[in-house]
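Protein chains: 2
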Amino acid sequence: MHLNHVELFCDVVARRSFSKAAEAAGISQSSASQAVQALEERLGAQLIDRSKRPLELTAAGEIYFDGCRDLLESFRRIEDRVLQLQDKVTGRVRVAAIYSVGLLQMGAYAGRFRELYPDAELDLDYLHPDEVYNRVLGDETDLGLVSFPREGGSLSSIRWQDQPMVLVVPSRHALAGSSKIRVAEIAGENYVGFTEELTIRRAIDRWLRQSHVSVNVVHEFDNIENIKRAVEIGAGVAILPEPTVRREVEAGALSQVRLADVRWTRPLGIVHRRNKTLSTAASRFVEILLSDEDAAVESGNGAPRASRLHKNGKSANGRASGRRVPR
Amino acid sequence: MHLNHVELFCDVVARRSFSKAAEAAGISQSSASQAVQALEERLGAQLIDRSKRPLELTAAGEIYFDGCRDLLESFRRIEDRVLQLQDKVTGRVRVAAIYSVGLLQMGAYAGRFRELYPDAELDLDYLHPDEVYNRVLGDETDLGLVSFPREGGSLSSIRWQDQPMVLVVPSRHALAGSSKIRVAEIAGENYVGFTEELTIRRAIDRWLRQSHVSVNVVHEFDNIENIKRAVEIGAGVAILPEPTVRREVEAGALSQVRLADVRWTRPLGIVHRRNKTLSTAASRFVEILLSDEDAAVESGNGAPRASRLHKNGKSANGRASGRRVPR
DNA sequence: GACGCATCATCAATTTTTCCGATAGCGCTC
DNA sequence: GAGCGCTATCGGAAAAATTGATGATGCGTC
């Protein structure tokens, strides 16, 4: 029996689609169909009910899926154990990041990871926050990079960074010159904010309320890029994580103003399934995220750093564990 | 990755031989070699040290083997669960029986099993008792049929039959006419017995000692067939399980005499690995062994029957469970 | 310590399996 | 009910496992 076929079956089930799973596996839809059929033939039982759209699992399929899910996980762990013995880091790490984390920072981390562990494969996706959680929960990704990380249930999270929130204003705005202001000075400004379904919107609302400041919301977007564009054209001011506007500030397209009397930060975290032990490769990726010195600079406040995840008992030779790559 | 390759690797390790494992799997030695090499290449690690004869596992191989052993077992269970859903009994049952059980009785049981479950594969081997235990312990067989079953450690046993021991004499012997005698009458007879390493020999010795009877041992054999031949040619008398001499007694080649004042029996048991759940097919085979009505007749004493192993919650249609095959 | 035996690796040829692309059929949605 | 998206099916192509022959190596034996 081909374990690849089992893996494919599980992916078909997870995605509720043969074609999606086939594409993800880099094979043709036809091949995916045949692979699952081979499994069904071997068992002499229908696993998937294709007469429904989207497809559904049969009772047998349910049982088989549950079992194979664990089986594949076990197999991965076994291989990992052997590979660890020789300090090899291989396998695939699937990372899903929210747009505002991903586009700005992940490139550098990914490069570093690929440089240190050329044998490992890194899949990076930039998604909507909800989709990141879905993937983690559905076991379609190993690590999720999100802001205001949720915990509990089958989710566990690792604290990663705390990004200071700054006021962002058009470069010709009255406040553009100031390096620091008090929150109260924002009151009544035209404001470009996040849409209400986003956690960060609710956090900012709460912060403003606590400071007894209210603003005039003129636009709402569900992503930072659009907010920045709106501020650039003078639609209003915004409150955004400092690292996400650094490039525009340096280029002069936007101005940032620190808020002197509050410590608003956007916490970023790495979420993963609680019960699933991370693969060595995944652990190493987390390690790179956490060990990065830039991050230490960026996380402006004195919050304790997340402790190192990876503990390798017997790494004697100079492997990556403690290594720093010069920026 | 091919699960077959993993299975093959495990078999190679268990047998400490590529060629043996290849033969057992029904493939060429070349193929076996390449299959294991494929695994090693995938892991980038040597699993087996071929420079030793017989081959040895490397540290990586040790880890991999332990993991894969369980993995294969898990996979088997998963498939079994699915198959059970549709009342299918497939898969392989490997049975190792001691000669004296096997040759006489197993044919009928095997036939019955193959008739009831044509999709399942039954491997029957007749071996020396020690070898039966080795196979069970080494996980090379699912069920072992032995006399005086050992328990404990990783072994578990199911009571199967208690065969009454009878005195067997040449057909022209002075006692040949009697249907019953007292044990004391054996005293001083020329006796053909088992070799000392066999459990049954030690049991008989103990019984004779308890009855304060001693005999004149003229020959020792490690199997029942040879003992019968020796008795046939008049070398002496023997004490053997009744079912094993029934054919010769009916044919007139030997005479059997019941022992009136003792209840000596040879217990037969089904041994298997304790922690390993039996496959459905294996359970059904056990069921056939236990449900047989002949066995009830043969087990002369009133010892409680082993309870039925198999419990299938949802078998509604008239499947084999309760079915009896007329003798 | 050389010989023979058993065992395993290697190689090219062949068989078997898998995979692909095109096409047809079917369910779902509008 | 037409259109769209999805999956099964089919023949041919590609990839893979398997084989048989041959060579290398460890191990016991004389």
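The listed protein sequences correspond, in order, to chains Z and R.
When the letters of the first sequence are read in order and numbered with this note's numbering, they come out as residues 4 to 330.
When the letters of the second sequence are read in order and numbered with this note's numbering, they come out as residues 4 to 330.
Think of the CB as a built atom: it goes at the ideal place given N, C-alpha and C, for glycine as much as any other residue.
These numbers were taken from a predicted model, which means no experiment stands behind them.
Straight-line gap, residue i to residue j (C-alpha atoms, nearest Å)
i: residue 142/R; j: residue 100/R; result: 15 Å
i: residue 257/Z; j: residue 58/Z; result: 49 Å
i: residue 62/Z; j: residue 95/R; result: 24 Å
i: residue 270/Z; j: residue 133/Z; result: 17 Å
i: residue 73/Z; j: residue 261/R; result: 58 Å
i: residue 76/R; j: residue 249/Z; result: 55 Å
i: residue 47/Z; j: residue 56/Z; result: 23 Å
i: residue 7/R; j: residue 266/Z; result: 59 Å
i: residue 5/R; j: residue 154/Z; result: 38 Å
i: residue 283/Z; j: residue 126/Z; result: 15 Å
i: residue 71/R; j: residue 79/R; result: 12 Å
i: residue 1/Z; j: residue 207/Z; result: Since the first and last residues shown for chain Z are 4 and 330, residue 1/Z lies out of range.
i: residue 259/Z; j: residue 60/Z; result: 53 Å
i: residue 313/Z; j: residue 44/R; result: Residue placement at residue 313/Z is flagged as unreliable, the pLDDT there being 37, under the threshold of 50; the coordinate-derived value follows with that caveat. Computed Cα separation, rounded: 26 Å.
i: residue 9/Z; j: residue 150/R; result: 42 Å
i: residue 202/R; j: residue 156/R; result: 18 Å
i: residue 277/Z; j: residue 54/Z; result: 35 Å
i: residue 16/R; j: residue 139/R; result: 15 Å
i: residue 152/Z; j: residue 200/Z; result: 15 Å
i: residue 214/R; j: residue 162/R; result: 26 Å
i: residue 294/R; j: residue 69/Z; result: 34 Å
i: residue 279/R; j: residue 93/R; result: 18 Å
i: residue 18/Z; j: residue 19/R; result: 43 Å
i: residue 30/R; j: residue 174/R; result: 51 Å
Residues near residue i by beta carbon distance below 6 Å, same chain, minus five either side
i: residue 224/R; result: 230
i: residue 12/Z; result: 39 and 42
i: residue 233/Z; result: 195 and 222
Within 7 Å, strictly: CB atoms of residue i and residue j
i: residue 158/Z; j: residue 289/Z; result: no
i: residue 3/Z; j: residue 238/Z; result: For chain Z, the structure presents residues 4 to 330; residue 3/Z sits outside this window and is missing.
i: residue 255/R; j: residue 160/R; result: no
i: residue 103/Z; j: residue 227/Z; result: yes
i: residue 112/Z; j: residue 291/Z; result: yes
i: residue 172/R; j: residue 240/R; result: yes
i: residue 21/R; j: residue 32/R; result: yes
i: residue 85/Z; j: residue 136/R; result: no
i: residue 245/R; j: residue 169/R; result: yes
8 Å contact criterion, which residue i and residue j should meet: CB distance rounded
i: residue 167/Z; j: residue 247/Z; result: At roughly 11 Å, the Cβ-Cβ gap does not stay under 8 Å, so residue 167/Z and residue 247/Z are not in contact.
i: residue 52/Z; j: residue 98/Z; result: The pair is not a contact, with the Cβ atoms about 33 Å apart (cut-off 8 Å).
i: residue 211/R; j: residue 220/R; result: Actually they are not in contact, since the Cβ atoms of residue 211/R and residue 220/R sit about 11 Å apart, beyond 8 Å.
Status (buried if at least 16 other CB within 10 Å, exposed otherwise) for residue i
i: residue 302/Z; result: Note that residue 302/Z has pLDDT 36, beneath the 50 cutoff, so the model's placement of it is unreliable and the number below is only indicative. Result: buried.
i: residue 108/R; result: buried
i: residue 110/R; result: exposed
i: residue 236/Z; result: exposed
i: residue 177/R; result: exposed
i: residue 147/R; result: buried
i: residue 121/R; result: exposed
i: residue 180/Z; result: exposed
i: residue 286/Z; result: buried
i: residue 182/Z; result: exposed
i: residue 192/Z; result: buried
i: residue 164/Z; result: buried
i: residue 87/R; result: buried
Beta-carbon proximity list for residue i, same chain, < 7 Å, skipping 5 on both sides
i: residue 34/R; result: 25
i: residue 216/R; result: 186, 187, 189 and 190
i: residue 14/Z; result: 24, 27 and 28
i: residue 49/R; result: 43, 61 and 63
i: residue 117/Z; result: 125
Own chain residues within Cβ distance below 8 Å of residue i, not counting five before or after
i: residue 197/R; result: 203, 204, 207, 223, 224, 225 and 230
i: residue 91/R; result: 122
i: residue 131/R; result: 101, 102 and 225
i: residue 65/R; result: none
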